[in-house]
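Order-wise, the sequence lines are chains A, B and C. Taking my numbering, the leading residue of the first sequence gets 22, the next gets one more, and so forth. Taking my numbering, the leading residue of the second sequence gets 14, the next gets one more, and so forth. Taking my numbering, the leading residue of the third sequence gets 23, the next gets one more, and so forth. Comments concern the structure below.
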Amino acid sequence: MLHVSNLSVARGGITLLCGVGFALNAGQILVLRGANGLGKTSLLRCIAGLQNPVEGQITAPETVAYSGHADGLKGQMTVLENLAFWSSVYHGPSPEVALDAYDLHALADRPAANLSAGQKRRLGLARMQVSGCALWVMDEPTVSLDADNVALFRAALDRHVQSGGAAVITTHIDLAIASARLLDLTRFKARGLMGSTAFEEALE
Amino acid sequence: MNNRSIAPTFWDRFWRLANPKVFMGWSGRALPWVAAAAGLFLCSGLIWGYFFTPDDIRQGSTVKIIYLHVPAALMAINGYLLMFVGALVWLIRRQHVSVLAAKAAAPVGMVMTLIALATGAIWGQPMWGTYWVWDPRLTSFLILFLFYVGYIALWAAIEDEDTAADLTSVLAIVGAVFAMLSRYAVFFWNQGLHQGTTVTMADGAQQDNISNVFFQPLLLSMMGFGLLFLTLLLIGTRTEVRSRRLKVLQARERME
Amino acid sequence: MIQLFLRDVGLSVRSGGGFGLALIFFLIVVTLIPFALGPDQTALAVIAPGVLWLGALLACLLSLDRIFGLDFEDGTLDLLATSPLPPEAVYIAKAAAHWLTTGLPLALAAPVLGMLLNLDFETGKILCLSLLLGTPALSLIGAFGASLTLGVKRGGLLLSLLVLPLYVPSLIFGAQAVRLAGQGLAYDGALVLLSAISLGAAAILPFASGAALRINLR
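Okay, here's the thing in structure tokens:
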């Protein structure tokens, strides 16, 4: 489903990662580890199609479900309205499934602005369910979630993967997902290739 | 093994000239010559025009400001044309030198627009009695001035160099379309209300162009302005290339 | 795309959405004019078409940075960019929502405010028509400007600087149409040209804005 080869990723003109390569099939979970500032977020944004890599190939499905650092919620809309909107944009399943998965029924009619940080995160993760996308690309999904909610997330992830989906996740903490492959990105850190941009190459 | 010729085509050689390093080479060599030629044409054109042509019957000696006004106006439009072409080349081929040339052309074009406006106002004052009228031609140049300012402001507002190049190029292209649209709109706006009241600059210039006496120095002056524009453009583009290189070196230094 | 359009319209109407601010601003500007220029009725009637057009145009400017800015800040724009919706569709939906919540109310309110400036009813109808035809261009051009200045902090002033020169053709034809109508002259030429600008903007600006959005989200 997802195939990455010889990928170089940059941010702000500085190449952060170099030569990244991996393959992900349906039913697999890949967890990317690495220190802050390594370029995990930039790598995920490349996979999600938000930015172009400096070099290399990405083969990914047409649309992916992306979850970044920000929650991407509209405060004035209720939980249900937020999910219904994304469901219709992605032509995905109805919000009911997502409400079940993250135990949000009680909060369904509450405006998103009135949620706690953890509840907002749950809503953000619930959005992945209504997208109906096979590939989930998630940047530090469990930030601000307590242990119970992390368990909910793990369960949802398992269900997704068992029904043929796949997920790429970056995280600082150990998510204790038994079936996940681990890839430490530190060995792809770009060394000595600082700021190699097209402009520079043209000057050489 | 195919028999395709490996000699560079004309276009390959052409684009090679736009490589930053190659550009710095040939522009550096060409610059003194272009600058000298500009000085020569400008001086000869302006001196001949001001001191060695008779005064006009109707307008007296103020008509001689035409030697500044017409070339400046031409260059003002030329500047935007260059920005448009540079923007297009950048968006299609990502040639850094062309977008930096566009960036360098903007302030030059803007100043030319100001000169055209100022000289237009000075020229018109004896005829109209005031320094400014909303004559279609002058108004078009005022709007062109605003387009230049917007382009320069956008360049300045964005930190990342490549993003700035991309966004300003999109602006330049959309702006070009609207600038041409504005020109027609402004004529409609003025002519629509006052049919043929104002004797526009064009009429004044047209009649003077007929007599050779005025035309030849004007030609020299236009050549001079054109070469001046080219000189300033080359200097400006070289500065931008150097400035960009400096930023890259500074960024490298920060990483170490 | 319809969903995004409806969502944006809904959001702007809810509390904190800023709906109605443009109308209030329009009212204030029109009220200030007689203070600045004196209450002479005939003089006001003469300048009324231009003032009303200008007021509507400036009122449009107010909410432009919200078009993409709000979604950019809370991460929704990233999500829209990774969704099946292409950036061009996002632009069109948002520009349309801006028109419905800003341009359209301004166009309908203009003849009413025209009465403050001694604008007669017949001319007021043409004013409304010209604004209905011209404000789509204002929303489209404004949204294009917003897509360019998306990443610029406090970019409101820069946005105005970029967008106002682009507004000039619409302003010229729109105000001219109303003036001609007021004088009893033929105004359809101006209205046709005004509509042409709106249609032309709708044809080319989605691609320019789509490109700008992609660039800014990199």
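Backbone N, C-alpha and C fix where the C-beta goes; we use that ideal spot for every residue, glycine too. These figures come from a predicted structure and were not determined experimentally.
- Residues of chain B whose Cβ lies closer than 9 angstroms to the Cβ of residue 33/A are, in chain order, 172, 173, 264.
- For residue 37/B, there is no enclosing beta strand (DSSP E); the residue is found in the alpha helix (DSSP H) stretching over 33-64.
- Under DSSP, residue 205/A takes part in a beta bridge, and its partners are 54/A.
- Residue environment: residue 142/A is assigned as buried (16 or more neighbouring CB atoms within 10 Å of its CB, all protein chains considered).
- Listed in chain order, the positions of the stretch 58-71 of chain A with a beta carbon within less than 9 angstroms of a beta carbon of chain C are 66, 69, 70, 71.
- With a cutoff of 9 angstroms on beta-carbon distance, residue 110/B and residue 178/B are scored as not near each other.
- Taking each of 220/C, 206/C, 209/C in turn and checking the Cα distance to residue 190/C, the smallest one comes out for 220/C.
- When C-beta atoms of the stretch 117-125 of chain A are compared with those of the stretch 44-53 of chain A, fewer than three pairs fall below 8 angstroms, so the two segments do not count as touching.
- Short of 6 angstroms from the beta carbon of residue 132/B, and not among the five residues preceding or following it, lie these beta carbons of its own chain, in chain order: 78, 81, 82.
- Listed as beta-bridge partners of residue 25/A by DSSP are 43/A, 79/A.
- For the 9 angstroms CB-CB criterion, residue 114/C and residue 204/C do not form a contact.
- One finds 179, 180, 183, 184 in chain B with Cβ atoms closer than 9 angstroms to the Cβ of residue 234/C, taken in chain order.
- Of all residues in the stretch 87-116 of chain C, those with a C-beta nearer than 7 angstroms to a C-beta of chain A are 96, 97, 98, 100, 101, 103, 104, 105, 106, 107, reading in chain order.
- At least one C-beta of chain A is nearer than 9 angstroms to the C-beta of residue 261/B.
- Shown here for residue 138/B: same chain residues with a beta carbon closer than 6 angstroms to its own, the five before and five after excluded, namely 144 in chain order.
- Excluding residues up to 5 positions away in sequence, 22, 187 lie with their Cβ nearer than 8 angstroms to the Cβ of residue 46/A in the same chain.
- Within the same chain, Cβ atoms closer than 8 angstroms to the Cβ of residue 180/A are found at 122, the five residues on either side in sequence being excluded.
- If you look at residue 88/A, you'll find it in the beta strand (DSSP E) that goes 86-88.
- DSSP, reduced to helix, strand and coil, places residue 67/B outside both helices and strands of the structure shown, so it counts as coil.
- Within the stretch 85-102 of chain A, 85, 86, 87, 88, 89, 90, 91, 92, 93, 94, 95, 96, 97, 98, 102 place their CB atoms closer than 9 angstroms to a CB of chain C, listed in sequence order.
- For a Cβ distance threshold of 7 angstroms, nothing in chain C lies close to residue 122/B: the least Cβ distance comes to about 15 angstroms.
- Contact between residue 103/C and residue 71/A holds, since their C-beta atoms are separated by about 6 angstroms, short of 8 angstroms.
- Looking at the DSSP output, residue 160/A bridges to 191/A.
- Residue 83/A and residue 169/B have their alpha carbons spaced roughly 36 angstroms apart.
- About 16 angstroms separates the beta carbon of residue 83/C from that of residue 174/C, a gap too long to meet the 8 angstroms contact definition.
- In this chain, the alpha helix (DSSP H) harbouring residue 111/B covers 109-141.
- Using a CB distance cut-off of 9 angstroms, residue 33/C counts as an interface residue toward chain A.
- Taking a contact as a CB-CB distance under 8 angstroms, the pair residue 125/C and residue 133/C does not count as one, their CB atoms being some 15 angstroms apart.
- DSSP places residue 75/B within a helical segment (H, G or I) once states are collapsed to three.
- Contact of residue 163/B with chain C by beta-carbon distance below 7 angstroms involves 183, 184, 187.
- With respect to chain C, the C-beta atom of residue 165/A has no partner C-beta closer than 9 angstroms.
- For residue 37/C, the C-beta contacts it makes with chain A under 8 angstroms involve 97, in order along the chain.
- What residue 122/C touches in chain A, judged by beta-carbon distance under 7 angstroms, is nothing: the nearest beta carbon there is about 17 angstroms away.
- Nearest C-alpha to residue 95/A among 185/A, 136/A, 167/A: 136/A.
- The DSSP assignment places no complete run of the alpha helix (DSSP H) inside the stretch 215-239 of chain C (cut-off: 4 residues).
- Only 109, 110, 111, 112 from the stretch 108-131 of chain A bring a Cβ to less than 8 angstroms from some Cβ of chain C.
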